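Take a look at the structure below.
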Amino acid sequence: MDIAIPEGKNAVVQGILFEAWPTDLYVPPDALQIFLEGFEGPLDLLLYLIQNQNFDITNIPISTITTQYLKYIELIEDLHLDLAAEYLVMAATLVEIKSRSLLPISEDIKEDDPHAKLVQQLREYAKYKQAAQDLDALPRLERDLFTGLVEHPDIPRQIVPPEVSLDELLEVMQDVMRRATLFTSHQVIKEPLSVRERMSAVLEQLKQLQQIDFINLFVIEEGRAGVVVTLLAILELTKESLIKIVQPQAFAVIQVVSLETKNA
Amino acid sequence: MPELKTIIEAALFAAGKPLDVDHLVKLFIEDAVPPERKAIRNTLKELIQDYTGKGIELVQVASGYRFQTRADLTPWLKQLQPERVTRYSRVLLETIAIIAYRQPITRSEIEAIRGISVSTDMMRRLLEYNWIRVLAHRNTPGRPALYGTTRGFLNHFNLKNLNDLPALTELMIEEQIPKSDSS
Amino acid sequence: MPELKTIIEAALFAAGKPLDVDHLVKLFIEDAVPPERKAIRNTLKELIQDYTGKGIELVQVASGYRFQTRADLTPWLKQLQPERVTRYSRVLLETIAIIAYRQPITRSEIEAIRGISVSTDMMRRLLEYNWIRVLAHRNTPGRPALYGTTRGFLNHFNLKNLNDLPALTELMIEEQIPKSDSS
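Protein chains in written order, with the working numbering: chain A, 15 to 278; chain B, 25 to 207; chain C, 25 to 207.
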C-alpha cells in the first residue's frame with residue numbers, strides 16, 4: 015500500500031481511502047467465532063483491523079475502521095458471545111471521533127482530542143503486545159531449559175509434607191473450578207468421586223497383574239453400591255482405552271487387561 | 025546437530041530418575057538417523073570417565089544410569105539440607121486438588137485445567153510426599169503417566185476415602201460465583 | 025579435603041534451585057579455614073568455563089547460579105517429558121510483560137494499557153506463581169497495590185536482572201510514522 019497518506023486530518027483522507035481499500039472483510043462464520051475469542055480486548059481488535067490493512071497507527075482512517083469495528087461488535091452480539099463492556103465503550107469512542115472529524119476543527123476541541131488519545135493508547139498497547147511476544151520467545155524453564163536435582167545418596171533427604179488442612183484444599187479446588195468451568199464437562203460433575211477413586215484402584219491392581227478376572231475386581235462385601243461403582247469405573251477406563259475387557263472364548267472367564275504396554 | 029554426548033549428558037541430568045539404554049534410545053525417536061545402541065553405550069562409558077573425580081559422578085544403578093554426588097562430599101552438602109524447608113504453595117495445592125478430583129489424570133491434563141505449566145519438580149514433590157502415584161501410562165504418543173492419589177494422601181487429610189471429599193457440584197454451589205471477570 | 029571446586033559443583037547440582045555466593049559460603053560453615061568469597065567466585069567462573077560446550081551449562085540467573093540443560097537440546101529432551109508443553113495465555117503474558125516493563129504499577133494502570141479489565145484471578149495467579157509481588161501501596165484513594173516482578177520471574181525466564189529483558193520496540197507499520205508523541 016504505497017498510496018501517500020497525507021498526514022494529519024482524517025476527514026481529508028477518508029474519501030481516498032474508501033476507494034483504495036476494501037471496506038468489507040469477509041471471514042467465514044466458523045472461523046469468526048474462534049477468531050473473535052482470540053482478541054484480548056477492544057484495543058487488540060482495533061489494532062488487528064489497522065494492521066491487517068497496513069494502516070498507519072498515527073493515521074487511522076477513522077471512518078473505515080469505525081465501520082469495521084462496529085460490524086465485528088454486531089457479529090459478536092449475533093453469536094451471543096459474552097461481550098465485555100469495554101468493547102462498547104470503544105465503539106462509542108470511535109463514533110465520537112468519527113463525528114468530530116466531520117466537524118470543522120476548532121482549537122479548543124483539539125485540547126482534549128479523543129483521536130490523539132486513542133492513537134496514543136494504541137501505540138502504547140502495541141508496544142506491550144509485542145513485549146509479551148518477545149517475552150514468550152525467551153528460553154524458559156520447563157519449556158526450553160531443564161534443571162535437574164542430583165541426589166546425594168548418603169544423606170537421607172528429609173521429606174516433610176507440608177501441613178495443609180482439608181479446608182484449604184477445598185478452597186483451592188473451588189477456585190480451580192471457578193476458573194475451569196468451561197473445561198469441566200457435565201458428565202464429570204455428575205460423576206461420583208468414588209468412581210474416579212475406583213478407576214485408580216483398578217489401574218493399580220492391573221499394574222501388578224497385567225490381567226485380572228473381571229469378577230475379581232468386585233468386592234461383594236461392598237454391596238450393590240460398591241458393585242455399581244466398580245462397574246462404572248471399569249467402563250470409564252475402557253472408554254478412555256486404558257483397559258480392555260476380553261473373553262478369550264465363549265463361556266470363558268471374562269478378563270480385564272491393561273492396555274499399557276510393558277517396559278513403561 | 026549437537027553431539028550425542030551432550031544430549032545424553034543433559035538427559036541424564038534432567039530426567040530426575042535413572043535412565044537405561046532403552047530410555048535413551050527413545051530420545052532420538054524423531055531423528056532421521058538415530059544412533060545405535062552401541063554408540064549410546066560407548067557414550068555412557070565416556071561420560072562415566074569424564075565425570076570421574078568431579079563433584080558428581082555418573083553411576084549405574086539397578087534401573088539405569090544416574091548422576092549422584094560424590095560420597096566424600098557429604099559433610100558440606102549436609103549444609104544444604106536446612107534450606108530445603110518444604111513450604112507449600114498454592115500451585116502445589118491446586119495440583120493435588122485436581123489430581124484428587126480428576127484421577128486418573130496426566131500432567132498435561134492438569135496443566136490444561138490450571139492454564140499454566142506444572143513443573144517436574146512439583147510432580148516429584150507430590151510423589152515424594154507419597155500423596156500421588158503413577159497408576160498407568162496412557163496409550164497415546166509419549167505414553168504420559170496417569171496420576172492418582174494414594175492412601176497417604178487420604179491419611180494426611182483424615183479421609184477414609186475420596187467420597188469424603190465434597191462433590192464438585194457441592195463446591196460449585198457453596199459459593200455462587202458472580203461471572204464477572206474472565207481470565 | 026576435597027577440592028573446593030568439587031564441593032561447589034556438587035552443591036549446585038544437589039540444591040535443586042539457584043545458589044548465590046551467600047549460600048555457598050554457608051557450605052563451609054564447619055570448616056576450620058573456610059574459603060574466601062573471592063575464591064568461591066573464582067571457582068564459579070572456572071566451573072562456567074568447564075561446562076561450556078557440554079550438555080549442561082552453569083548459568084547465572086537472578087537468584088544465583090544453577091546448572092541447566094543447553095537450550096539447543098530441547099528437541100531431544102522433550103522426549104523425556106512427552107506431554108504437551110503448556111503455552112501461557114496472551115492475557116497472562118501481556119499482564120506480566122506490562123508489569124515487568126512498567127513496575128511499579130497498579131492494576132488499573134495495567135488495565136488502562138490493555139484497554140480491558142484484568143481479572144482479580146489473573147493477578148492472584150501471578151502472585152501465587154511468585155512472579156509478581158506487592159511493592160507498596162499508592163497514596164491515593166483506595167490505596168491501590170503497586171506491583172513489581174520477583175526474582176522467581178527472572179529465574180523462570182532465564183534472566184539475571186530486568187535489564188536483560190528484550191528492549192521495548194515501538195510498533196512501526198509504515199516507515200513514515202512521524203514520531204510525534206512519546207510514551
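C-beta atoms are modelled at their ideal positions from N, C-alpha and C, and glycine is treated no differently. In this text the structure is predicted, and so the values were computed from the model without any measurement.
According to the DSSP assignment, B:R162 belongs to no alpha helix (DSSP H), since it is labelled neither H nor E.
Within the same chain, and ignoring the five residues on either side of C:R131 in sequence, the residues whose Cβ sits closer than 8 angstroms to its Cβ are V142, M147, P168, A169, Y171.
Only exposed fits A:E235, as fewer than 16 other CB atoms lie within 10 angstroms of its CB. In this structure, DSSP gives B:I53 a state outside helix and strand, which the three-state scheme calls coil. According to the DSSP assignment, C:F91 belongs to the beta strand (DSSP E) that extends over 88 to 93. If you look at A:K141, you'll find it in the alpha helix (DSSP H) that goes 128 to 151. Judged by their CB atoms, A:V178 and B:E118 are not nearer to each other than the 7 angstroms cut-off. In terms of Cβ geometry, A:M213 and A:E250 form a close pair [threshold 7 angstroms]. Residues of chain A with a Cβ closer than 8 angstroms to the Cβ of B:Q127 are, in chain order, R210, E211, M213, S214. In this structure B:L192 touches B:Y125 by the C-beta definition: roughly 6 angstroms separates them, less than 8 angstroms. Bounds of any alpha helix (DSSP H) do not take in B:I80; it lies within the beta strand (DSSP E) bounded by 80 to 85. With the criterion set as a beta carbon lying under 7 angstroms from some beta carbon of chain A, the members of the segment 86 to 104 of chain B are F91, Q92, T93, A95, T98, L101, K102, in sequence order. Separation of C:S87 and C:N66 (C-alpha to C-alpha, rounded to the nearest whole angstrom) is 18 angstroms.
For C:G139, at least one C-beta of chain A is nearer than 7 angstroms to its own C-beta. DSSP places C:R111 in the coil class of the three-state scheme, outside both helix and strand. Not a single CB atom of chain B sits nearer than 7 angstroms to the CB of C:I122. A:L246 and A:V209 have their C-alpha atoms roughly 6 angstroms apart.
Contact check between the segment 37 to 54 of chain C and the segment 89 to 104 of chain B: three or more CB pairs, one atom from each, fall below 8 angstroms, which counts as touching. In chain order, V186, V190 make up the part of chain A whose C-beta sits under 7 angstroms from the C-beta of B:E118. Under the Cβ criterion of 7 angstroms, A:S255 is counted among the residues facing chain B. Residue environment analysis places A:I79 among the buried positions, since at least 16 neighbouring C-beta atoms fall within 10 angstroms of its C-beta. Taking all protein chains in view, the Cβ of A:P118 is surrounded by fewer than 16 other Cβ atoms within 10 Å, so the residue is classified as exposed.
Rounded to whole angstroms, the separation of the alpha carbons of A:A99 and C:Y112 is 25 angstroms.
Runs of the beta strand (DSSP E) spanning 3 or more residues and lying entirely within the segment 121 to 196 of chain B occur at 156 to 161, 169 to 173, in chain order.
One finds nothing in chain C with a Cβ atom closer than 8 angstroms to the Cβ of A:H129; even the nearest lies about 12 angstroms away.
The beta carbons of B:P128 and B:L178 sit no closer together than 7 angstroms. In this structure the segment 221 to 234 of chain A touches the segment 259 to 270 of chain A; the number of beta carbon pairs closer than 8 angstroms is three or more. Contact between B:I156 and B:R138 fails: their C-beta atoms lie close to 15 angstroms from each other, not under 8 angstroms.
The beta-carbon of C:N182 is placed less than 7 angstroms from the nearest beta-carbon of chain A. Between the beta-carbon of C:E33 and that of B:I80 there is about 7 angstroms, and that keeps the pair under the 8 angstroms contact cut. Separation of the CB atoms of A:L116 and A:Y83 is rounded to 17 angstroms, and the pair is thereby denied contact status at 8 angstroms.
Listed in chain order, the non-local C-beta contacts of C:V45 below 8 angstroms within the same chain comprise R61, I64, R65, L68, G88, local neighbours out to five positions each way being set aside. Taking a Cβ-Cβ threshold of 7 angstroms, the residues of chain B close to C:P26 are D96, L97, in chain order.
Look at C:Q73 here: in three-state DSSP terms it is helix. Within the DSSP bridge table, the entry for A:K258 names A:V271 as partners. When 9 angstroms is used as the limit between beta carbons, A:P56 is near these residues of chain C: G139, I140, in chain order.
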